[in-house]
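Protein chains in written order, with this note's numbering: chain A, 1 to 332; chain B, 1001 to 1332.
Below is one structure, written out as structure tokens; the observations come after it.
Protein chains: 2
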Amino acid sequence: MGAKSHRAPTLNDVAAEAGVSKSLVSLAVRGDVGVRPETRTRILDVADRLGYHSNPWARSLVRGRSQMIGVLLDDLRSGYHTDVVHGIEDEAETNGMSVVMADARRDPALLRTRLERMIGLGLDGVVIVSGRADSAMIGDFARRVPLVVVGRPAELSPGIGQVSNDDRTGMRLAVHHLASLGHRRIVHLPGSPRPAAVARREAYLETMRELGLEDHASVVPGIEALLGTLAPSAADAPTAVCCATDRIAVELIGELSDAGVEVPGRLSIVGYDNIDFAARMRPTLTSVDQPRRAMGSLALRQLTDMLDGADARHEIATPTLAIRRSTAAPER
Amino acid sequence: MGAKSHRAPTLNDVAAEAGVSKSLVSLAVRGDVGVRPETRTRILDVADRLGYHSNPWARSLVRGRSQMIGVLLDDLRSGYHTDVVHGIEDEAETNGMSVVMADARRDPALLRTRLERMIGLGLDGVVIVSGRADSAMIGDFARRVPLVVVGRPAELSPGIGQVSNDDRTGMRLAVHHLASLGHRRIVHLPGSPRPAAVARREAYLETMRELGLEDHASVVPGIEALLGTLAPSAADAPTAVCCATDRIAVELIGELSDAGVEVPGRLSIVGYDNIDFAARMRPTLTSVDQPRRAMGSLALRQLTDMLDGADARHEIATPTLAIRRSTAAPER
DNA sequence: CTGAAAGCGCTTACAG
DNA sequence: CTGAAAGCGCTTACAG
């Protein structure tokens, strides 16, 4: 008694049963106006009774469009990525398009494989939510399918759509917040060598300069090194850290907890991305918030525009700061 | 200079360019043996030069199979769901099948919509990773497409494949662990009314009985209520909590931290699901671990078996316990 | 309003 | 080994 044990009904079956031509059934089920209401109702009743569903392969084949777009994301687990996806999905819903996802698991080789496979599915277009995709590879794929990349500040080849957040503004918000609390020895914990991470580091240095704090500016290579600067005797130990990502901030706070360093008592911490967990951990994490869902909608809207023949563009979204308990005025 | 600005090359184009028939090209690109090696190489060269890719819609239409299976998951954000998905993806890869995902966001209505849409894509089968899908609805869909459900212990209609973890064994592991540490006043914090959550609650009560601790057994309705029982004066306050899910455990630990109750000093906590965050939070969370990736592979293998005509079955995976810092011997 | 016909790009017997 | 033909289930002009 397996599913599909008997052939699924086709347009032909419905036409025969209703005593009309295939074309008429086609028009009726698609809600075309040029069909007499009574006829239409009768046809739809028959279609319903037979359990008719239009065959997507045949439909796509003849129309040259599947109304299906793919989303390739770098990390299924990250709240950032999932929020962007939700923005894409909701926007797609209002456009009558279907969204299918695949996960690249932060692995560039896998990204390529998955992208190849997705394109092989006959998608109308693809949104890549990844800051780390190789730009030459993206360029190759863009020749085969319309592409929009979310989360990559650096410019890609023309013809590729882009949506990114303004990392400079975001990092500036973080540093200004700390400075306004009274911090001066604010250090930066950088992320991976992704373009976005680089932009954040640059913005950190630039903002420290603007605030006249360049003498205190320091890019600490890693958590180990940072812990090393926190010896109780060190008078010039940093009092605040702005991290390139929430991932790093979470890891740092874990290590600090293990080492007995109080947050925000001894050290204030700011993250970047406002991941889901930022509000659930303790202390809750102050973090730069990208308008993720909005970025998703922008990406999908741009993709549909491109399908309609519009040129690709680079849209930039402005971040805000979510202030929580991991930041406070320095103790002295 | 949009992508696809000129028609993608077809089998016909390759045939004309190579001076052979369409059928021969079809056989050659699919690696059929009955094509002379030289001819084959020449055809593949032409195909490559023209950038030919077989049209998936036409291929699916004529074969009646798309080699594409869908995964509908309840929560993109949960490490449990993503691990199951990874198991599915990896197994699919070895079978030459493509996997596409969609997110139901813990919303039964959305689950239905997404499922409808996925099926409309022409998938060969669907894996639903959800403990909360309505069983009548699942039954309806199973009539249209082969279906495997992961994470639902209760029996569904025949013809639907199932993969679940043994919640009774899992909860028993949790309670025995606490009892062996010396806890007696072990309470249970239940989850949503999902079948899996119900099974865990039952198993808790049963295990407490087996251990002769039935007098201390207590299902606390919620975190508020639990906090109420922790007044310092209360001599019979619980010393340990086993939670129905990690989600609840994480929330509980957050509230306890805010209330100044030490974990595991005053209260030991065990979760269920071993989410990603369990090892990253502080204290790290002792949790029942389902073999999630294995469950994913089992699901996909079962689905392909069903596509080959096999009957649906219900496979049960055995959980283990990941012991971390949120559990310790009671203080007195 | 309604029907007959062509064609989307492929695979699969069927002849040679 | 290789080619001509039919057909998968649909949509889209094109006649009536």
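Idealized CB from N, CA, C, for every residue including glycine.
The structure displayed is predicted, hence computed values, not measured ones.
query, result
"Round the Cβ separation of residue 1174(B) and residue 1272(B) to the nearest angstrom and send it over; I've been treating them as touching at under 8 Å.", "7 Å"
"Any idea if residue 62(A) is buried or exposed, counting beta-carbon neighbours within 10 angstroms, 16 or more meaning buried?", "exposed"
"The alpha helix (DSSP H) that contains residue 12(A), what's its start and end?", "11-18"
"Between the stretch 92-104 of chain A and chain B, which residues of the former have a C-beta closer than 8 Å to a C-beta of the latter?", "98, 99, 100, 101, 102, 103"
"Taking only the alpha-carbon atoms, compute the straight-line gap between residue 327(A) and residue 1277(B) and give it to the nearest angstrom.", "22 Å"
"How about residue 1140(B): is its Cβ closer than 7 Å to a heavy atom in the ligand MN?", "Annotation note on the ligand MN: not contained in the displayed structure, which lists no ligands."
"Give me the residue from 82(A), 122(A), 11(A) with the minimum Cα distance to residue 67(A).", "122(A)"
"Please check if any C-beta of chain A sits within less than 8 Å of the C-beta of residue 1208(B).", "no"
"Does residue 1128(B) come out as helix, strand or coil in the three-state DSSP assignment?", "strand"
"Please list the partners that residue 13(A) has in chain B, where partner means a Cβ-to-Cβ separation under 9 Å.", "Going along chain B, no residue has its Cβ under 9 Å from residue 13(A), so there is no contact; the nearest lies around 16 Å."
"Exposed or buried, which one is residue 1152(B) when buried takes at least 16 other CB atoms within 10 Å?", "buried"
"How about residue 287(A): is its C-beta nearer than 8 Å to some C-beta of chain B?", "no"
"Taking only beta-carbon positions, decide if residue 1003(B) is within less than 8 Å of chain A.", "No answer about residue 1003(B) holds up, because its pLDDT of 42 lies below 50 and its placement is not dependable."
"Along the chain, where does the beta strand (DSSP E) containing residue 1272(B) start, and where does it finish?", "1268-1272"
"Identify, in the order they occur along the chain, each residue of the same chain with its Cβ nearer than 6 Å to the Cβ of residue 226(A), setting aside the five sequence neighbours on each side.", "220"
"Based on DSSP bridge pairs, tell me the residues matched to residue 326(A).", "Paired residues: none, contrary to the question."
"Is the separation between the beta-carbon of residue 1101(B) and that of residue 102(A) shorter than 8 Å?", "yes"
"Would the beta-carbon of residue 181(A) fall within 8 Å of that of residue 287(A)?", "no"
"Going by beta-carbon coordinates alone, are residue 970(B) and residue 164(A) separated by less than 8 Å?", "Beyond the ends of chain B as shown, which are 1001 and 1332, falls residue 970(B); an answer cannot be given."
"Whose CA, out of 106(A), 263(A), 162(A), 10(A), lies closest to the CA of residue 298(A)?", "162(A)"
"Going by beta carbon distance, what residues of the same chain come within less than 8 Å of residue 293(A), once the five residues before and after it are set aside?", "83, 84, 86, 87, 90"
"Cβ closer than 9 Å: which chain A residues qualify as neighbours of residue 1053(B)?", "119, 120, 144"
"Using a Cβ-Cβ cut-off of less than 7 Å, list which residues of the stretch 243-266 of chain A approach chain B; keep chain order.", "250, 254, 257"
"Measuring CB atoms only, is the stretch 140-160 of chain A touching the stretch 185-197 of chain A, in the sense that at least three cross pairs come out at less than 8 Å?", "yes"
"Have a look at the DSSP bridge pairing and note the partners of residue 1289(B).", "1320(B)"
"Tell me whether residue 1230(B) sits in a helix, a strand or coil according to DSSP, three-state version.", "coil"
"Starting from the Cα of residue 134(A), find the closest Cα among 17(A), 74(A), 119(A), 248(A) and give me that residue.", "74(A)"
"By the 10 Å Cβ neighbour count, where 16 or more other Cβ atoms means buried, how is residue 1319(B) classified, buried or exposed?", "buried"
"Going along chain A, which residues have a C-beta under 7 Å from residue 1276(B)?", "77"
"Using CA coordinates, which residue listed in 178(A), 110(A), 127(A) is at the minimum distance from residue 142(A)?", "127(A)"
"Could you spell out the range, first to last residue, of the beta strand (DSSP E) harbouring residue 1102(B)?", "1098-1103"
"Using the Cα positions of residue 4(A) and residue 104(A), report the straight-line distance between them to the nearest angstrom.", "Only weak support exists for where residue 4(A) lies, its pLDDT of 43 falling under 50; the value from the coordinates is given anyway. Whole-angstrom Cα-Cα distance: 33 Å."
"Roughly how far, in whole angstroms, is the beta-carbon of residue 1284(B) from the beta-carbon of residue 1247(B), given that I think they are within contact range, below 8 Å?", "That pair is no contact at about 16 Å."
"Is the CB-CB distance between residue 1120(B) and residue 56(A) below 8 Å?", "yes"
"Pull up the CB-CB distance for residue 303(A) and residue 31(A), whole angstroms please, since I reckon it's below 8 Å.", "Not quite, the Cβ-Cβ distance comes to about 25 Å (not below 8 Å), so this is no contact."
"Does the separation of the CB atoms of residue 1243(B) and residue 1205(B) fall below 8 Å?", "no"
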